[in-house]
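For what it's worth, my numbering labels the leading residue of the sequence shown as 22, then goes sequentially. Note that beta-carbon positions come from the ideal geometry of N, C-alpha and C, so glycine has one too. As structure tokens, the structure follows; a few thoughts come after it.
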Amino acid sequence: MQFKKVTHVLFDLDGLLLDSEVLYTKAFTTVCAKYGKEFTWELKSSLLGFQGHECAEKITKTLDLPLTKQEFMKECGKLYEVLFPSVQLMPGAEKLVKHLHKHGVPIALATSSSKESVALKMKDHQELLDLFHHHTMGQSDPEVTKGKPDPIIFQVCASRFPEKPKPEDCLVFEDAVNGVKAARAANMQVVAVPDPRIDLEQLKDATLVLKSLEDFQPELFGLPPYGA
Numbered sequence: 022m023q024f025k026k027v028t029h030v031l032f033d034l035d036g037l038l039l040d041s042e043v044l045y046t047k048a049f050t051t052v053c054a055k056y057g058k059e060f061t062w063e064l065k066s067s068l069l070g071f072q073g074h075e076c077a078e079k080i081t082k083t084l085d086l087p088l089t090k091q092e093f094m095k096e097c098g099k100l101y102e103v104l105f106p107s108v109q110l111m112p113g114a115e116k117l118v119k120h121l122h123k124h125g126v127p128i129a130l131a132t133s134s135s136k137e138s139v140a141l142k143m144k145d146h147q148e149l150l151d152l153f154h155h156h157t158m159g160q161s162d163p164e165v166t167k168g169k170p171d172p173i174i175f176q177v178c179a180s181r182f183p184e185k186p187k188p189e190d191c192l193v194f195e196d197a198v199n200g201v202k203a204a205r206a207a208n209m210q211v212v213a214v215p216d217p218r219i220d221l222e223q224l225k226d227a228t229l230v231l232k233s234l235e236d237f238q239p240e241l242f243g244l245p246p247y248g249a
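This is the structure we're talking about:
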């Protein structure tokens with residue numbers, strides 16, 4: 022299969038570089054259970070890529086919780102403070118980010134998370150965070166007016182590289198269906214590394230689907246190969 026050569030790479034964070042989706046699930050499940058409600062995979066999968074307030078709104082409405090979205094976010098926030106600092110990197114994440122940085126490939130972060138959330142999660146991974154040219158954090162960024170699947174987060178993120186790359190020169194790494202849709206809507210190629218429970222039919226628009234970041238071959242997209 023032929024892929025177009027790229028010059029710039031954009032990374033999602035949760036579920037892609039960080040094994041944090043399990044922690045979000047734990048927090049959401051705990052808060053929902055407190056009110057006798059079950060947070061299901063079906064609901065979870067529909068939220069992937071959303072900003073925090075969008076998740077809170079959908080969960081409280083879908084499960085008819087006796088909470089406002091602000092109250093739900095506040096309860097989850099207390100759990101995040103305990104859960105997030107222990108988050109681990111996904112297999113292959115550190116290797117890929119360091120490899121691209123070492124070879125001068127411009128890389129940036131495009132996450133729906135807030136600045137505070139990223140700071141909590143990356144506390145023990147600050148060295149890796151510093152390798153990115155910039156961080157676009159949707160929930161804290163006034164230019165990012167909507168969550169994924171809207172393409173705006175990737176458009177804003179790409180525009181902040183000094184070179185102002187064209188969309189077709191950008192490669193996005195994502196784990197979520199909404200993220201894949203957002204990248205394609207931005208006219209960018211996208212490598213999906215999904216949760217194994219996601220139906221592959223939902224990822225048919227992805228340029229490439231992998232089981233792990235460890236399986237990625239940079240040279241397929243004209244990037245320096247490992248070992249170069």
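It is roughly 14 angstroms from the alpha-carbon of residue 106 to the alpha-carbon of residue 48. Put simply, the segment 115-126 does not touch the segment 40-59. Fewer than three CB pairs are less than 8 angstroms apart. For the beta strand (DSSP E) assignment, the uninterrupted runs of no fewer than 3 residues enclosed by the segment 123-179 are, from N- to C-terminal side, 128-132 and 155-158.
In the displayed model, residue 193 falls within a strand according to three-state DSSP. Beta bridge pairing from DSSP links residue 35 with 39. Taken in chain order, the complete beta strand (DSSP E) segments of 3 or more residues contained in the segment 86-114 number zero; there are none. According to DSSP, residue pairing for residue 29 in a beta bridge involves 191. Taking the CA atoms as reference points, residue 236 sits about 20 angstroms from residue 209. Per DSSP, reduced to three states, the secondary structure at residue 52 is helical.
Comparing alpha-carbon positions, the option among 226, 134, 222 and 232 lying closest to residue 216 turns out to be 232.
Separation of residue 63 and residue 249 (C-alpha to C-alpha, rounded to the nearest whole angstrom) is 42 angstroms. Selection 128, 196 and 109 evaluated against residue 156 yields 128 as nearest (Cα-Cα).
Taking a C-beta distance under 7 angstroms as the contact criterion, residue 196 and residue 98 do not qualify as a contact pair. Within the DSSP secondary-structure output, residue 72 pairs in no beta bridge.
Assignment of residue 211 by DSSP, reduced to helix, strand and coil, places it in the strand class.
By the criterion of at least three beta-carbon pairs nearer than 8 angstroms, the segment 175-183 is not in contact with the segment 135-152. The continuous alpha helix (DSSP H) containing residue 200 extends over residues 198-206.
Within the same chain, Cβ atoms closer than 7 angstroms to the Cβ of residue 165 are found at 157, 159, 173, 174 and 177, the five residues on either side in sequence being excluded.
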